[in-house]
Structures are given as structure tokens and as C-alpha cells.
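As C-alpha cells, the structure follows; a few thoughts come after it.
Protein chains: 2
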Amino acid sequence: MLDKISYKEAFYRCIDNAKPTDLYKNIFIKDALGEFLAEDIIARRDAPVFSNSAMDGFGFRNSENKKLKVIKTIYAGDKYEDFEIKNDECVRIMTGAKVPDGIDTVIPIEKCIEVTDEYIVIPEIKKGANIRLKGEEITKGDVLVKKGTEITPEVIALLSSQGIVNVKTFIKPKIAILSTGNELKEPWEEADEEEIYNVNSHSIKSLIEKNGFNADLIGIIPDTLEKTVEFIKNLKNRYDVIVTTGGISFGDADFIYEAFVKNGLKSFFRGIMVKPGRPTMVGVMENTFVFALPGNPLSSYLNAFALMIPALRKLSGAKEYFYNFVYAKNKSEFKVNPKKDHTVLGTFECGEWEVYKNYKYGSGMVSALSNSNSLVILVNKVIVKEGEILKVIPFNIGFCKKSDFFND
Amino acid sequence: MLDKISYKEAFYRCIDNAKPTDLYKNIFIKDALGEFLAEDIIARRDAPVFSNSAMDGFGFRNSENKKLKVIKTIYAGDKYEDFEIKNDECVRIMTGAKVPDGIDTVIPIEKCIEVTDEYIVIPEIKKGANIRLKGEEITKGDVLVKKGTEITPEVIALLSSQGIVNVKTFIKPKIAILSTGNELKEPWEEADEEEIYNVNSHSIKSLIEKNGFNADLIGIIPDTLEKTVEFIKNLKNRYDVIVTTGGISFGDADFIYEAFVKNGLKSFFRGIMVKPGRPTMVGVMENTFVFALPGNPLSSYLNAFALMIPALRKLSGAKEYFYNFVYAKNKSEFKVNPKKDHTVLGTFECGEWEVYKNYKYGSGMVSALSNSNSLVILVNKVIVKEGEILKVIPFNIGFCKKSDFFND
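Sequence order for the protein chains is A and B. Take the first sequence: its position 137, counting from 1, is numbered 1314 in my numbering, and each next residue is one higher. Take the second sequence: its position 189, counting from 1, is numbered 1366 in my numbering, and each next residue is one higher.
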């Protein structure tokens, strides 16, 4: 019989067994979006590199003098010899321009009392105002970005500012996707009215791609145990991760498990007390991680999302691999079976969450996915009440048709 | 002087002036992740395509008979001639297998009282149980996915299930990124200790890419007005969107605005009462949208994120282009200037939000970006109190180091 472990237990068995890679590559920063750093990035220079003006305005030595002679203009990028500045003098200075020694304050044009080409008259202003001091943000030698960090546009901004263009990143796992079911047609194949299309390979491949990984679609597993054993044996030396869908339950046609075992599989579990997604097996063959997901498109997608993606991130050396959740108020009451855990689809919008079709959809209903943007994982629940605050895991909440995101 | 419009007004002027494209292309579904549909997708077939078993079990005609003779086994994918089933008979049937006419109920193996190769003994079970009826999910001719929808893994799942592999998607805008500042060095160039690297082009290009668009880095705008007018004239016929950074304030070296105006620019605004990001101009030259962003890396990134990305989505025919926000409790009090709107960086984790460095970072501090994962936009605020509920816009909240996302 299938195991009866909880969804939480299944999640931790996947995560705890996923050992981060130590293989890395060198990569040019422009190609690095979505990669995970295999090294701490150390600051090469102070930031700012020199004290500079935060505004277009006038720089001066703060003193009693409020009428100041304009002696010079300094633009961003100007290089100049040091010069002496007197207490009744100032320089016109542009945003980002280097502040000369002796100047301790910048006043923006619009705060001056009077501005002419020759002189300005200024009010009282705090010493140090509008100057960004050398090194106030970053000191050379600081750890800028930690090993395991995902390279986002924000990290690229920081690395660019330091002139760092080559980084070490972890090599991501090579992933193979197999499917079972000789009855399945590929979506591009001719099919009669009652033939069924292969959904799982394509939904899981695109889920993997959206998460920054690649996967090869290997095709359909052969229809005998002997051939399957051989087939898997060939793949396991070539791939770090093998994902299968279907054939893992206890029906007569389900020999996938046996074929993996004959290849040395050590399973972490086979069967989870979750709805949907019960017939799921995860384990390892030598160094190859195996996710044997259910045949139902909805179940396989949900387990790939909740169990596999976090494990793939950990295998890739990412330091962040737990889904971040958002809190949301439940919009309408629904019931679940308290003997199982549940992954339930719904729509998150502007702080509220609504279950899809009152949770009356089946695990074969693939349209539930594209009609939802998030899920909740329920443990030991009977009724989920209206107004209850839920932890929601988003998968596609970035944008909506209309929202008022201003705090006013 | 610069305009003094609010951030909300700036956002709506961008969005309202962004006219969706009507150009489309045909694309194979495997390359379509992140594209926007240029047509409604119509269901080609019912789902399920035939009534089928939701479980591995036994199918029968629900009656008084509780001891049933096993007459046949039906696997998923089996095709068979119609046959008669009697009230005291049943078939072994696998998940997904077609349910023969006359059979109205399936019982899973584990719910049977007795199971042998020849017969089974079953308890009372509801008629219709564990059968997925033909067409109960989708009826042929239904609108499956609407025009303007982003193609996600969930949509790919649905299209695959319908055997739909070619779709029309909108052609995304061609985007050019220019930068100003002849003083800037590219991150890969030799630079002396005090020279500054170009950050904006690279942060904005990667932000654009992360959002599913492409952009060409054109390089640095020439250093005279005449050359710049010519330069922009050449680009405007080739690009749908031009993004510049820097040179849009009223400093002496800022002739970008004039160069755009001489090319027919009609600006929607020049200047926003927001901190950071005041010197920003958005407008249109014939059919080319222009985003002239500030020179400060933080300011330009924030306005690119908040104002430009939504407009790019709308230009691309997306039906969803408003940021979805999440509610979060503010972790520590901070103050802002009530005369301006503010975009404030911070970290969202598990329902709480914490401002970065107590909002004491400057607009030149690019490390504020990679140390944050979200932002809030504040309007007319003075103090943001601890415990206050904020609307937070995420830019990188997908994963965290540890979280308990189970609802238990």
C-alpha cells in the first residue's frame, strides 16, 4: 500500500535529501539573470567612490557667509586639480559631480534666496546637506552579495556599479521529463475524438522553465518492465533529475516503481496523504534525484510546484528555497476532508483569496490551474471559514486587471 | 520648472496613453511562455472527452447487488466494443480508463469489503461516485482562455490538453535603452578609481528581460544637442519604446528633453512629486513611447518598475497590467516628507514588511535594491507607524530562507 505521510513530511523529505551542488561555471553578468551565485561577491571599491553632490545646486564651506560668489561650475564626470575655496565663495555643482575638498554642504538651486550668474544668497542650511560621502554606502572589501543568492535585476544593478562582470554561478541540474501512458498523444499529433493528449510533460516543462531551469522531454516510457529498466539505466548517468508522471499507483500497469528500484532507487516516500496528489514517489538513484509524480495533470502540477521546485532550487545551490507566503482573507467558506492534507487552488487579489469553484473541482480538471493564481495547503482542516486568514502561496499573482496599490 | 504631479497621476498618464498593439504573430506553444494571447482560445473538444474512472477500482451498475462478478479489466487507453453489463457484474477499471455504457459507479479497491480475482464484495456507495462525466469540465466551443492572457505554465497545461499547439500572440514592443553621461564607464571597461560605472542600462535591461521583454542597449547619447536630435530621429523609426536615463533635470548638461521635443515629442509629464525619481519625463513621439528616467540608479529602477513595466504590458496587449499588491504589517516606524509621494524599499517576509535602513538610504544607494524584495508607494503620509497595514508591491518575494507555509 501507499505510504500515509503528511504533505509537510513529504516536503521536508524532499528538501532534506536535496544536496546542493558544488559544481560551478563562470558566467558573464549579462547572461546571469536567474542564476545562483557560487561565491560571495566582495566589494571592489567604495560607494560612492568619491564624495559627490546629491543635487544640482551650489557647493560651499558652511559658515556665517550667506552671500557667496560663484567661482566655478563642476559637472558630473569633471576631473580637476584641487583648489582652495574661501568662506564667501561657492561652486555651481551638478548631481553626481565630485565635491571639491573643503566644501561641506550643497544647497539645491530652488532653496536659494537669490541666484545670479555671479553670486547667490542662501538661507541657513545644515552642514553636510546634500553631499553623499565617499564610502557611506559600501566599503571596499565588504561582502556585497552572498553565495547562493539568485541573480536578479537588483543584483545586476549592484554588480554593474562595482564593475563586476564575471561571476561564478552554480551549474543547474540536468533534468529529464518522461511520461507514461502509451495511450497518450502529443498535442501536435493527430488524435481521434476520444484519444487523450499528453499534458503533464508540457505543463511541467514550462513550470520548470518559468523557474529558471531547463528540461529535456525524453518521451514515453516503454511498455514493459525490462525495457523500462534499461531505459532508466541509460538516463540516470546523464541526468541529475528524472521526473516521471503517472504509473506510480498500484494499478496493474504501474511498473515504474519497480523499474526505478531495479536501478538502485532509494525512495524517501511513496504515497502522501494529500488530495490531490496521493500517488507520488520521490527518491534517489545514486546521484540522480527522482520525482515520480501522479498521472493526473492537476495533481502532478501541484506536486511539481510545491515539492519539486523548492528541491530543484536547493539542488542548484540557492539559499532561498522555501515558498514565501502572503496572508489573505478567505472570501467564501469551503469544506475539506480532515483525514487528508489538501492543496487547494484559488485566486488571490488585493489581499483576499477565493477558492476555485468551492473546491468542487476534480484532479483531472486542468482548467482549474489557469483559472487560479495561487494555492493554499491545508493540514487537519474540516471547514475553512469565510473571513479566516490563510497563508497563500502565489504562482502567478504579479499583475491583475485593476488594483489600487497606492497607500493613501 | 519640473511638473508637480502626483505619482498616481504619473502612473495613470503612462497607462492611459499606452495603446495596446494590434500586431500579432503565430507561435508554437512550446515557445509561448510569457507571451500574451492575441485571440480568444476556443475549446476544440469536451473535457473529459469521455466519461472515465477517477480511481483504480471496480466499475458497476449501482443496484441492490453487493457481490459482483469481475468480468473484464479495462486499462487507460483501451478501446473496446460496447458490451452489456449485468447488475451482478463489474469490471476492474484503472484511473482514466473509459467507463463502459451502463456503468454508473466506480468503487476504489481499498473501499471494497472483499476482493478476489473472480468477485468483489462492496458496501453501499453513492451512484455516480468516482466517475468523471464527459464534458463536465469543458464543453466544446467554450472560451477557454481570453485574449490578452499571459501564457503561463498553467495555460500551457490547458492548451496541451486540448491539442492546441499554435496560437496567435501579440508582438511585443521593440525597446531601445540609451544612457546619458559621457563620464560613465561600462562595467567591463577599464576605469580609474574615481570613474563611475553605467548601472542604469544594465539594471533596466535585466528588469525588462525578467518581465518577458527584450531591449537593445544602444549606448551613450552624443554630447551635443544637434547630434542627439539626429540620433533620436534615427531610432524613433526603429523602436516602439525608447528608454533613457539621466539628463532630464534642469542642469546645464541636460538637453535630452529638447532633443526629444525637436523630434516631435508630446510629453505626458516632466517631473513627478515623488522621492526618489522626480526628474522623469514620459511622452510619445509619433508612435514611439519615450521613458526618460532619472540618472540615479535607484530612482530610475523604481520608476522603470512602477511606471514603465505596467505600460509595457499594456502596449503588448496584456489584459493584466496593474501590480497586484499584498497586505503586510509594518514592522518599524519611519517618517517621510508629506509634501511628496514616496516609493520606499523594504523586505516582505511571511506577512510582515520592514522598511530598508529606516528609509535613511539615498537615491544613489543601489545596494538598497538587492537588499529589498518589495516596495510601498506612499501618498500624503507623514509617519508610517509600527503595526500599520501597508499595501506592498513585491518584486522578488517568491522564495525565502525559511517559512512555514502550511495552514495547520
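Here a beta-carbon is modelled for each residue, glycine too, at the ideal position from N, C-alpha and C.
Residue span of the beta strand (DSSP E) that contains Ile1251/B, given as start and end: Segment Lys1244 to Ile1251, the beta strand (DSSP E) holding Ile1251/B.
Simplified DSSP state of Arg1309/A, which is helix, strand or coil: Strand, per DSSP.
Collapsed DSSP secondary structure at Phe1362/B in the structure displayed: In the sequence on display, residue 1362/B carries Lys and not Phe. DSSP places Lys1362/B within a strand segment (E or B) once states are collapsed to three.
Assigned secondary structure, Cys1267/B (DSSP; H/G/I helix, E/B strand, else coil): Strand.
Cβ contact check for the region 1435-1455 of chain A and the region 1179-1186 of chain A: 3 or more pairs under 8 Å: Judged by Cβ distances under 8 Å, the region 1435-1455 of chain A makes contact with the region 1179-1186 of chain A, as three or more pairs qualify.
Where the beta strand (DSSP E) through Phe1205/A begins and ends: Bounds of the beta strand (DSSP E) holding Phe1205/A are Tyr1201 to Phe1205.
Through-space distance from Ser1477/A to Ile1299/B, alpha-carbon basis: Within the model, the alpha-carbon separation for Ile1299/B versus Ser1477/A is close to 30 Å.
Cα-Cα separation between Glu1407/B and Leu1489/B, rounded to whole angstroms: The alpha-carbon of Glu1407/B is positioned some 25 Å away from that of Leu1489/B.
Phe1468/B: first and last residue of the uninterrupted alpha helix (DSSP H) it sits in: From DSSP, Phe1468/B is part of no alpha helix (DSSP H) but of the beta strand (DSSP E) over Thr1465 to Leu1470.
Where the beta strand (DSSP E) through Lys1351/B begins and ends: Premise fails: Lys1351/B is in no beta strand (DSSP E) and is neither H nor E.
Below-9 Å beta-carbon distance, Gly1539/B vs any chain A residue: It does; some Cβ of chain A falls within 9 Å.
Length of the line joining the Cα atoms of Gly1254/B and Asp1585/B: Distance between the alpha carbons of Gly1254/B and Asp1585/B: 39 Å.
Any 3 or more C-beta pairs closer than 8 Å across the region 1217-1232 of chain B and the region 1531-1543 of chain A: Per the Cβ contact rule, the region 1217-1232 of chain B is in contact with the region 1531-1543 of chain A (3 or more Cβ pairs under 8 Å).
Met1271/B to Tyr1252/B span [Cα, whole Å]: If I take the Cα positions, the gap works out to 5 Å.
Where the beta strand (DSSP E) through Ile1297/A begins and ends: Under the DSSP assignment, Ile1297/A falls in the beta strand (DSSP E) whose first and last residues are Tyr1296 to Val1298.
Separation of Ile1354/B from Glu1403/B, as counted between CA atoms: When only Cα atoms are considered, Glu1403/B and Ile1354/B end up about 20 Å apart.
Reference Asn1307/A, options Asp1393/A, Thr1316/A, Asp1294/A and Val1283/A, closest by Cα: Checked all of Asp1393/A, Thr1316/A, Asp1294/A and Val1283/A; the closest Cα to Asn1307/A is Val1283/A.
Test: Tyr1434/B CB closer than 9 Å to a CB of chain A: Not closer than 9 Å to any Cβ of chain A, the Cβ of Tyr1434/B fails to qualify, so no.
Thr1422/A: first and last residue of the uninterrupted beta strand (DSSP E) it sits in: Membership of Thr1422/A in the beta strand (DSSP E) is indicated by the continuous run Val1418 to Thr1422.
Within the region 1430-1504 of chain A, ranges of the beta strand (DSSP E) (whole runs, at least 3 residues): Those beta strand (DSSP E) runs which fall completely within the region 1430-1504 of chain A and span 3+ residues are 1443-1447, 1458-1462 and 1465-1470.
Beta-bridge partners of Lys1568/B, as assigned by DSSP: According to DSSP, which records beta bridges pairwise, Lys1568/B is partnered with Tyr1504/B.
Test: Ala1224/B CB closer than 9 Å to a CB of chain A: So yes, Ala1224/B belongs to the interface.
Within chain A, the residues that Asn1359/B reaches when beta carbons sit closer than 7 Å: Result: Gly1254.
Nearest neighbour of Tyr1504/A, chosen from Asn1573/A, Glu1497/A and Ile1566/A [CA to CA]: Distance from the Cα of Tyr1504/A is smallest, within the candidate group Asn1573/A, Glu1497/A and Ile1566/A, for Ile1566/A.
Chain A contact residues for Ala1231/B, given Cβ-Cβ distances below 8 Å: Result: Gly1539, Ser1540 and Gly1541.
Simplified DSSP state of Ala1195/B, which is helix, strand or coil: Assignment of Ala1195/B by DSSP, reduced to helix, strand and coil, places it in the coil class.
Stretch pair the region 1407-1416 of chain A + the region 1362-1369 of chain A: three plus CB contacts closer than 8 Å: Here the region 1407-1416 of chain A makes no contact with the region 1362-1369 of chain A; the two share fewer than three CB pairs at distances below 8 Å.
Cutoff 9 Å: Pro1571/B Cβ touching any chain A Cβ: True, the Cβ-Cβ gap to chain A drops below 9 Å.
CB of Thr1198/B within 9 Å of CB of Phe1347/B, strictly: Contact flag set, yes.
Neighbouring residues, chain B, relative to Leu1210/A (Cβ below 9 Å): Ordered by position in chain B, the residues that pass the 9 Å Cβ test against Leu1210/A are Ser1383, Glu1386 and Lys1387.
Candidates Tyr1296/B, Met1485/B and Val1561/B: closest to Ala1187/B by CA position: With distances taken between CA atoms, Ala1187/B lies nearest to Met1485/B out of Tyr1296/B, Met1485/B and Val1561/B.
For Val1320/A: DSSP bridge partner residues: Secondary-structure assignment with DSSP links Val1320/A through a beta bridge to Ile1219/A.
Val1403/A: first and last residue of the uninterrupted alpha helix (DSSP H) it sits in: The question names Val, yet the displayed sequence has Glu at residue 1403/A. For Glu1403/A, the enclosing alpha helix (DSSP H) covers residues Leu1402 to Lys1413.
Ile1398/B in three-state terms, based on DSSP: Coil.
Beta-carbon proximity of Asp1518/A to Leu1470/A, cut-off 9 Å: A distance of 9 Å or more separates the beta carbons of Asp1518/A and Leu1470/A.
Beta-carbon neighbours of Arg1490/A, restricted to chain B and to distances below 9 Å: Result: Phe1576.
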